[in-house]
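Okay, structure first, notes after.
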Amino acid sequence: MTEGCMVINLILATFHLTLGFSGRSDLMLIMGFFYALLSFMRFFLAKSVRCYFKNCQDDRMRGTLLLSGMLMIILGLILGRIFTNMVENNQPADFGNASTVLFSIFALSKIVMTGYGLNLSRKQKDPIFSLIQRTTLTETIFCSFSVWLSLIPYITDPTLQETLFLYSGNVFSGFVLIMGLVNIFSYRKYESSVNRLNIPTYEQVNQTRNFMIGNDFSDNELI
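Residue 244 is where the sequence shown starts when you use my numbering, and the numbers rise one by one after that.
Now the structure itself:
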């Protein structure tokens with residue numbers, strides 16, 4: 244599930260970045276970077292899940308939380324400015340015109356997948372699954388917001404269109420900023436949870452395994 248979400252994130256990131264770099268919309272460009280950031284997080288979450296099933300943890304998850312949190316804050320600030328500029332320049336229709344059937348299909352499938360993943364992660368108690376649950380929730384809200392934004396330009400009343408676009412943009416920018424702060428502050432919580440459960444790192448497990456192999460321990464000696 245985690246790898247599948249990562250692939251869809253990459254497809255959505257490529258789609259948005261292509262349209263963004265082609266000059267269609269600055270908003271598409273920033274949203275492309277955000278999907279790329281979600282792919283980055285999913286990549287390390289997938290590695291951490293593999294470590295979890297080997298009874299260890301991936302050290303890099305801590306750095307991923309800090310880095311992704313800082314990048315989310317930066318993207319949130321940029322998003323807020325872009326929404327304001329688009330309304331001032333009467334450009335809210337740019338995003339709707341750039342959205343296609345392909346984008347809608349992938350975004351909706353992403354919502355379904357993340358909703359399913361959210362339900363699965365609730366049943367797990369390990370700290371890594373708490374991170375997956377929060378990332379999944381972020382993706383669900385982000386994709387839902389993307390679909391909502393693509394529908395606003397089709398409202399016939401220009402005043403209502405601009406008002407909805409601006410308020411939606413401000414709310415979403417605030418959401419991105421909050422999620423960035425949550426990622427940064429959850430670094431300590433994740434670290435304390437891992438330490439409390441005494442979960443060894445992947446490197447520690449490898450060192451122990453190499454030590455055992457080097458000293459030719461038998462199963463009886465280990466017991």
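Glycine included, every Cβ here is placed at the ideal spot set by N, Cα and C.
Distance from residue 389 to residue 274 at the Cβ level is roughly 7 Å; contact confirmed, criterion being Cβ atoms closer than 8 Å.
Around the beta carbon of residue 265, fewer than 16 other beta carbons sit within 10 angstroms, so the residue counts as exposed.
It is roughly 11 Å from the alpha-carbon of residue 414 to the alpha-carbon of residue 326.
Taking a C-beta distance under 8 Å as the contact criterion, residue 311 and residue 426 qualify as a contact pair. Here the alpha carbon of residue 280 sits roughly 11 Å from the alpha carbon of residue 313. Note on residue 428: under 16 other CB atoms within 10 angstroms of its CB, so exposed under the neighbour-count rule. Comparing alpha carbon positions, the residue from 261, 270, 286, 408 closest to residue 320 is 270. If you ignore the 5 residues before and after residue 315, its C-beta comes within less than 6 Å of the C-beta of 419, 422, 423, all in its own chain and listed in chain order. For residue 327, the secondary structure class from DSSP, reduced to helix, strand or coil, is helix. DSSP, read as helix, strand or coil, puts residue 399 in coil.
Distance from the CA of residue 250 to the CA of residue 328, rounded to the nearest whole angstrom, comes to 32 Å.
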